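Position one of the sequence shown corresponds to residue 6 (this note's numbering), numbered consecutively onward. By construction, the Cβ of each residue, glycine as well, lies at the ideal position given by its N, Cα and C atoms. This structure is a prediction, so every number in the text was calculated from the model and none was measured. These notes concern the structure reproduced below.
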Amino acid sequence: MQESNKMEEITSDNKYNLAEKAFLKFKEEVLNLLSLKKTVFVALCGGASVTEFYDVLGNRFEELPYDRLHFFMLDERINESQRNSLLIKEKILSKFNDDKLNLFRGNFHFLGKKSVEEYTLEFKDLNSNLY
Numbered sequence: 006m007q008e009s010n011k012m013e014e015i016t017s018d019n020k021y022n023l024a025e026k027a028f029l030k031f032k033e034e035v036l037n038l039l040s041l042k043k044t045v046f047v048a049l050c051g052g053a054s055v056t057e058f059y060d061v062l063g064n065r066f067e068e069l070p071y072d073r074l075h076f077f078m079l080d081e082r083i084n085e086s087q088r089n090s091l092l093i094k095e096k097i098l099s100k101f102n103d104d105k106l107n108l109f110r111g112n113f114h115f116l117g118k119k120s121v122e123e124y125t126l127e128f129k130d131l132n133s134n135l136y
């Protein structure tokens with residue numbers, strides 16, 4: 006099966022409708038990937054542009070096979086990392102028990118070789134049957 010690199014444009018007249026459409030596309034992609042793999046890894050960024058999407062994700066999370074999803078809280082800006090963690094906690098985590106989610110809260114930043122080493126150590130701790 007050949008993968009397409011073409012991105013689908015999603016538009017809407019307001020942010021909440023756009024977030025709903027984005028969630029449906031996200032769900033479709035996750036389910037497609039899970040038909041091919043045991044686990045899907047998802048990076049959660051921060052910032053104002055994802056607030057509505059995280060609202061929808063939090064409200065509709067039970068629609069996803071969350072036991073097969075691994076979420077990583079990522080941010081390339083060290084000084085924003087804690088604020089972004091609070092956004093994710095408020096919009097998504099507050100709706101679930103932590104033990105239901107495969108969430109990795111490491112200080113992962115895109116700062117070069119050290120970051121890659123940190124990722125490698127974290128991934129080694131994961132069960133090898135995830136891949």
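Measuring only the C-alpha atoms, how far is residue i from residue j?
i: H114; j: V47; result: Below a pLDDT of 50, predicted positions are generally treated as unreliable, and H114, at 49, falls in that range; the measurement from the model is reported next regardless. About 15 Å.
i: L38; j: H75; result: 13 Å
i: K42; j: S17; result: 31 Å
i: E68; j: M12; result: 23 Å
i: L108; j: R88; result: 17 Å
i: F101; j: E14; result: 31 Å
i: S40; j: A53; result: 32 Å
i: S99; j: R73; result: 20 Å
i: E33; j: N64; result: 17 Å
i: E25; j: F66; result: 12 Å
i: S90; j: L106; result: 15 Å
Please report the Cβ distance between residue i and residue j, rounded to the nearest whole angstrom; I am assuming they are in contact, meaning their Cβ atoms lie under 8 Å.
i: F28; j: L62; result: 6 Å
i: V45; j: V35; result: 6 Å
i: F137; j: L49; result: Coverage of the chain is limited to positions 6 through 136, which leaves residue 137 absent and any answer about it impossible.
If the criterion is Cβ atoms closer than 7 Å, does the pair residue i and residue j meet it?
i: K96; j: Y71; result: no
i: G51; j: L92; result: yes
i: K94; j: E57; result: no
In the structure shown, what three-state DSSP assignment does residue i receive?
i: L106; result: coil
i: F31; result: helix
i: L41; result: coil
i: F77; result: strand
i: F101; result: coil
i: L91; result: helix
i: L49; result: strand
i: E14; result: coil
i: V22; result: Reading the sequence as shown, one finds Asn at residue 22 and not Val. Helix, per DSSP.
For residue i, report the span of its alpha helix (DSSP H) as first-last.
i: E57; result: 56–65
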